[in-house]
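Asks: One structure, pasted below without further comment.
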Amino acid sequence: MATSSVTTTGVADHEAALEGHRRELTGYCYRMLGSGFEAEDAVQETMVRAWKAVERFEGRSSLRSWLFRIATNVCLDMVKGPQRRARPMDLGPSSTADSALGSPRPEHAWVQPVPDAMVVPAEGDPAELAASRDSIRLAFVAALQHLPARQRAVLILREVLRWQATEVAELLDTSVASVNSALQRARATIAAGRTAGAVDAAPSPVDADQQALLARYVDAFERYDMTALVALLR
1477 MATSSVTTTG VADHEAALEG HRRELTGYCY RMLGSGFEAE DAVQETMVRA
1527 WKAVERFEGR SSLRSWLFRI ATNVCLDMVK GPQRRARPMD LGPSSTADSA
1577 LGSPRPEHAW VQPVPDAMVV PAEGDPAELA ASRDSIRLAF VAALQHLPAR
1627 QRAVLILREV LRWQATEVAE LLDTSVASVN SALQRARATI AAGRTAGAVD
1677 AAPSPVDADQ QALLARYVDA FERYDMTALV ALLR
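Residue numbers (my numbering): 1477 to 1710.
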């Protein structure tokens, strides 16, 4: 990971250095929280905390690592928070005032799509950009919500952002062995979820045209492209 120090730069350079990491941080927070709105809030809080502490940043780690440490703590605090966000009321059947509330919906049921432009780099290696887009698709982000928060952070940092185990251990103030153990458990949980999904809800076979249409629906939905969605519905 590239190192960068902001200890000798001016205010404008401080701001530019921090803002240069905003998109990657937003992608990370989105994968952690499953909500574009919460991701933006988390990144804003990360920037505020970083700005307040930037003069004390000594450059012993990269600026990127330092920001991800702050963002991770912000996300973990939000995950543990008593009230994360208001739940949409139109995602369940109607009921009368005296009806039982029933069981709460699982957290992954509230995963929200996010535009690629908000979290995916504007340019770079095509293969890396494709992998980045895959890692923000709703199915993957929903699967992440099944994991405990720290396992979620380990999986994203190791598998998506390609950090070394030593870097993740330093960021989370833990050992490399603990990181590797958390990664193995996270992989097993994700794999078990995929297997269960394949058994419980096997899709009906579709032809190539239907697959292409579905792909266009998903792409337009995840990009908030209302024009494309309307065109597909006609």
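Using N, Cα and C, we set each Cβ at its ideal position, and we do this for glycine too.
#1: Taking contact to mean 3 or more Cβ pairs, one atom from each stretch, closer than 8 Å, check whether the segment 1621-1634 and the segment 1539-1555 are in contact.
#2: According to the neighbour-count rule (16 or more other Cβ atoms, all chains shown, within 10 Å of its Cβ), is G1496 buried or exposed?
#3: Can you say whether F1544 is buried or exposed, counting buried as having 16 or more other CB atoms within 10 angstroms of its CB?
#4: Taking only three categories from DSSP, how would you classify R1536?
#5: Roughly how many angstroms lie between the CA atoms of L1509 and V1519, to the nearest whole one?
#6: Among the candidates S1654, V1644, D1553, G1503, whose CA atom is the shortest distance from the CA of V1617?
#7: Would you mind working out which of L1494, V1555, D1553 sits nearest E1531, comparing C-alpha positions?
#8: Select from E1491, E1646, L1659 the residue whose C-alpha is nearest the C-alpha of L1623.
#9: According to DSSP, simplified to helix, strand and coil, what is R1638?
#10: From what residue to what residue does the alpha helix (DSSP H) around V1524 run?
#11: If you reduce the DSSP assignment to three classes, tell me which class Q1621 lands in.
#12: Measure the alpha-carbon distance for R1525 versus F1533 and round it to whole angstroms.
#13: From W1639 to R1540, what distance separates their C-alpha atoms?
#14: Quick one: is R1536 buried, meaning 16 or more other Cβ sit within 10 Å of its Cβ, or exposed?
#15: Answer yes or no: the CB of A1629 versus the heavy atoms of the ligand HEM, is any distance below 7 Å?
#16: Can you tell me the Cβ-Cβ gap for V1636 and R1499, rounded? I've got them flagged as a contact below 8 Å.
#17: Go ahead and pull the three-state DSSP assignment for S1651.
#18: Reducing DSSP to helix, strand and coil, say where G1496 ends up.
#19: Ignore the nearest five residues each way along the sequence and tell me which others in L1552's own chain have a CB closer than 6 Å to its CB.
#20: If you run the structure through DSSP and keep just helix, strand and coil, what is G1503?
Replies: Taking the structure as given:
#1: yes
#2: exposed
#3: buried
#4: coil
#5: 11 Å
#6: G1503
#7: L1494
#8: L1659
#9: coil
#10: 1512-1529
#11: coil
#12: 12 Å
#13: 11 Å
#14: exposed
#15: Absence of the ligand HEM from the depicted structure is noted, as is the absence of any ligand whatsoever, leaving it without description.
#16: That pair is no contact at about 14 Å.
#17: coil
#18: coil
#19: A1625
#20: helix
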